[in-house]
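As structure tokens, the structure follows; a few thoughts come after it.
See below:
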């Protein structure tokens with residue numbers, strides 16, 4: 012029989028108790044998630060110059076799954092005594108499918124577009140996910156929260172609506188990046204529900220396993236598996252390292268999401284744009300104009316506004 016209690020108990024706690032955790036460690040995990048996510052985009056960009064993006068995603072997912080499983084062993088994470096509830100497992104699987112779809116679109120966009128631009132479009136999912144988290148999880152919504160959402164949305168718009176010159180791929184990358192953002196917003200909400208009843212490391216491992224199956228299924232359908240033998244070793248190394256960075260980001264993100272306010276965790280995690288833009292300039296010389304820098308400032312300001320009530324609490 013499907014057990015609904017783990018999911019609904021978490022909902023009831025968040026919706027009616029009005030309690031905000033005073034433990035600030037979830038904020039630290041959210042910040043670490045943003046740092047690792049920023050590294051992921053740059054390492055992946057370096058690793059898919061010639062390799063097929065879907066094959067690269069499938070390889071990275073193997074690394075992420077191995078990393079997640081290792082962290083479960085190191086941290087001593089265990090399954091609940093009664094196993095994973097049916098609804099919890101369902102939401103983890105749905106979250107994994109959304110993640111897989113987001114990844115495939117994201118790294119396709121990354122293979123044909125500028126890393127800084129792709130990362131910013133992908134993060135446009137922030138506003139949608141934040142609004143949904145306020146509605147679904149009944150998290151405190153104040154004037155400051157509204158201003159934060161507006162700031163994040165404005166910052167995303169300013170950075171996305173930047174017309175680059177000499178883009179060899181035109182605007183095709185934008186379609187994939189927007190699809191990535193759509194699936195990413197669903198991933199966050201589904202993931203928040205999915206990790207409510209179990210250890211966050213276990214939840215991340217289950218989700219990653221779903222992504223792994225989905226990623227390799229796409230590779231075999233497209234008959235791209237033969238490209239593994241022809242892959243440059245240097246690119247393969249970058250893909251593996253980016254997988255490790257992704258695994259670290261995921262573990263930190265869902266550890267933070269389990270204990271913290273989803274709207275705040277989402278916003279902090281999106282600070283990875285800052286690191287992506289910084290590293291993309293240093294490594295790929297992808298420059299940002301004043302409009303983009305203003306947008307980045309808005310993103311940071313919106314995150315700080317969301318953190319103010321938590322800091323006071």
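Residue numbers (the numbering used here): 12 to 324. Every residue, glycine too, gets a C-beta built ideally from N, C-alpha and C.
Residue i versus the options, residue with shortest Cα-Cα distance
i           : options            : result
residue 303 : 165, 37, 40, 153   : 165
residue 306 : 50, 161, 155, 151  : 161
residue 123 : 239, 56, 194       : 56
residue 92  : 270, 235, 209      : 209
residue 200 : 99, 51, 86         : 99
residue 101 : 204, 294, 273      : 204
residue 313 : 294, 158, 291, 298 : 158
residue 187 : 108, 94, 274, 128  : 128
residue 35  : 85, 271, 191, 255  : 271
residue 140 : 286, 151, 168, 194 : 194
residue 230 : 80, 284, 111, 290  : 111
residue 40  : 294, 282, 297, 132 : 282
residue 311 : 284, 109, 290      : 284
residue 214 : 84, 95, 235        : 95
residue 345 : 153, 151, 121, 252 : The chain is shown only over 12 to 324; residue 345 falls outside these bounds and no answer can be derived.
residue 107 : 82, 202, 153, 83   : 202
residue 138 : 168, 297, 81, 246  : 168
Check whether residue i and residue j have beta carbons under 9 Å apart
i           : j           : result
residue 183 : residue 48  : no
residue 38  : residue 279 : yes
residue 103 : residue 217 : yes
residue 105 : residue 197 : yes
residue 133 : residue 86  : no
residue 294 : residue 73  : no
residue 291 : residue 126 : yes
residue 286 : residue 46  : yes
7 Å Cβ shell around residue i - same chain, five flanking residues per side excluded
i           : result
residue 315 : none
residue 68  : 114, 115, 118, 226
residue 42  : 279
residue 44  : 260, 263, 264, 267, 280
residue 257 : 51, 71, 75
residue 211 : 265, 266, 269
residue 180 : In this prediction, residue 180 scores a pLDDT of 49, lower than 50, which makes its location untrustworthy; the coordinate-derived value is nonetheless stated afterwards. For residue 180, where only same-chain residues beyond five positions count, the Cβ hits under 7 Å are 123, 124.
8 Å Cβ shell around residue i - same chain, five flanking residues per side excluded
i           : result
residue 238 : 62, 63, 66
residue 254 : 70, 71, 72, 73, 74, 75, 78
residue 232 : none
residue 243 : 61, 62
residue 109 : 194, 195, 197, 198, 201
Spatial neighbours of residue i in its chain, beta-carbon cut-off 6 Å, leaving aside the 5 residues before and after
i           : result
residue 309 : 162, 165, 166
residue 79  : 215, 216, 219, 258
residue 236 : 230
residue 155 : 316
residue 178 : Since pLDDT at residue 178 reaches only 49, below the 50 mark, its modelled position is unreliable, and no value is offered.
residue 136 : 192, 195, 196
residue 88  : 210, 212, 213
Is it the case that the segment 140-156 contacts the segment 211-221, given that we only count it when at least three CB pairs across the two stretches are under 8 Å? With a cut-off of 8 Å on Cβ pairs, the segment 211-221 is not in contact with the segment 140-156, counting fewer than three such pairs.
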